[in-house]
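> Residues in the sequence shown are numbered from 237 upward in steps of one, following my numbering.
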Amino acid sequence: MPGALDVTGIPGVSGVAVRSVRLADAGPDGEAFLDPAERGRAAQLRDASARRDFLAGRVALRGFAAGILGVGPGNLTAASVCPDCGTDQDHGRPGYVIGGAPAGLALSLSRCRGWAVVAAGPAAVAGAAIGIDLEHRLGVRFDGFDDVALTSAERRLLGGLAPERRDHFRTRAWARKEALLKASGTGLRVNPASVEAFARPADGTVLLDLDTTALGLPEGFAAALAVLPVR
Ligand SMILES: CC(C)(COP(=O)(O)OP(=O)(O)OC[C@H]1O[C@@H](n2cnc3c(N)ncnc32)[C@H](O)[C@@H]1OP(=O)(O)O)[C@@H](O)C(=O)NCCC(=O)NCCS
Numbered sequence: 237m238p239g240a241l242d243v244t245g246i247p248g249v250s251g252v253a254v255r256s257v258r259l260a261d262a263g264p265d266g267e268a269f270l271d272p273a274e275r276g277r278a279a280q281l282r283d284a285s286a287r288r289d290f291l292a293g294r295v296a297l298r299g300f301a302a303g304i305l306g307v308g309p310g311n312l313t314a315a316s317v318c319p320d321c322g323t324d325q326d327h328g329r330p331g332y333v334i335g336g337a338p339a340g341l342a343l344s345l346s347r348c349r350g351w352a353v354v355a356a357g358p359a360a361v362a363g364a365a366i367g368i369d370l371e372h373r374l375g376v377r378f379d380g381f382d383d384v385a386l387t388s389a390e391r392r393l394l395g396g397l398a399p400e401r402r403d404h405f406r407t408r409a410w411a412r413k414e415a416l417l418k419a420s421g422t423g424l425r426v427n428p429a430s431v432e433a434f435a436r437p438a439d440g441t442v443l444l445d446l447d448t449t450a451l452g453l454p455e456g457f458a459a460a461l462a463v464l465p466v467r
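(1) Could I get the ranges of all uninterrupted beta strand (DSSP E) runs contained in the region 296-366, with 3 residues as the minimum, in chain order?
(2) Out of Gly-452, Leu-345, Arg-258, state which residue places its alpha-carbon closest to the alpha-carbon of Gly-331.
(3) Take Ala-365 and list the residues in its own chain whose beta-carbon comes closer than 6 angstroms to its own, dropping the five residues that flank it on each side.
(4) Which whole-angstrom value describes the C-beta separation of Val-243 and Val-252, a residue pair presumed to lie in contact below a C-beta threshold of 8 angstroms?
(5) At a cut-off of 8 angstroms, is Gly-328 close to ligand 1 when judged by its beta-carbon and the heavy atoms of the ligand?
(6) With DSSP as the reference, identify every bridge partner of Leu-461, one or two as the case may be.
(7) In the DSSP assignment, find the unbroken alpha helix (DSSP H) run with Ala-450 in it and report its ends.
(8) In three-state terms, what does DSSP make of Arg-258?
(9) Does DSSP classify Asp-271 as helix, strand or coil?
(10) Taking the C-alpha atoms as reference points, what is the distance between Arg-436 and Pro-428?
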């Protein structure tokens, strides 16, 4: 069953809420509340299942944010921020405005193999900078993953693990890297093989593995959350 987690008691992330959503459950009912730009982006997706997943993820994120803010989903206008294209985009770091003013939530979303995880924190706690990522071990099982995704220190750590533990390490590493890259707002404009997934970030960023069982996710997933310090 999909679940919800309140990440509390961890310095820097108190008050951050995380939820998992089965995309098939975030069905078309909520699509009526999506903005024209969101529907326009969906229309560009040729693959029907990718289109459904995109829409369901946006429905889930909007419903999650609206629930925290205590407003109806139709009161929110999506206003994502892309480092290349600017604010009020249909892509990039997610966000919403209400009546033209920022909704005051830091948000992040990740979809993977029929599931999504969403995270939200009050902007005063999380700044504008929160990142969540969900990955499945089947997603890291391809030749060359270690070269494109891991740092040399991570490849050494991996080499010291029993073979049956390596895919879990890769999955965790990837989720942690993408969570960091989403929190920083760059995404994969930064080479993931240059990002240390397991070193303690020097700038005070909190980076943690999420409990996928508590989140109600099926076996094989890893999920990570990164929260940049308020500056
Ligand atoms: C961020 C990124 C790594 C996520 O890709 P992914 O692993 O395939 O997908 P996930 O499901 O985990 O995450 C998707 C969500 O990440 C978020 N996201 C996208 N870009 C982001 C960024 N720069 N910063 C923070 N979050 C971002 C969005 O909420 C997106 O959801 P959406 O598809 O509904 O808009 C990838 O989209 C990326 O690197 N983007 C930057 C490059 C790019 O998109 N360039 C083209 C636009 S100019």
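For every residue, glycine included, the Cβ atom is placed at its ideal position computed from N, Cα and C.
Here's the rundown:
(1) Those beta strand (DSSP E) runs which fall completely within the region 296-366 and span 3+ residues are 312-314, 316-318, 322-325, 332-334, 341-348, 351-358.
(2) The closest CA to that of Gly-331, considering only Gly-452, Leu-345, Arg-258, is found on Leu-345.
(3) Closer than 6 angstroms at the Cβ level, and outside the excluded window around Ala-365, lie Ala-419, Leu-464.
(4) Going by Cβ atoms, the distance from Val-243 to Val-252 rounds to 5 angstroms, so yes, they are a contact pair.
(5) Under cutoff, so the answer is yes.
(6) Note: Leu-461 sits in a beta bridge opposite Ile-368, Leu-444.
(7) Neither: Ala-450 is in no alpha helix (DSSP H) and is coded neither H nor E.
(8) DSSP places Arg-258 in the strand class (E or B) of the three-state scheme.
(9) Coil at Asp-271, not helix or strand.
(10) Annotation: Arg-436 to Pro-428 spans about 16 angstroms, alpha carbon to alpha carbon.
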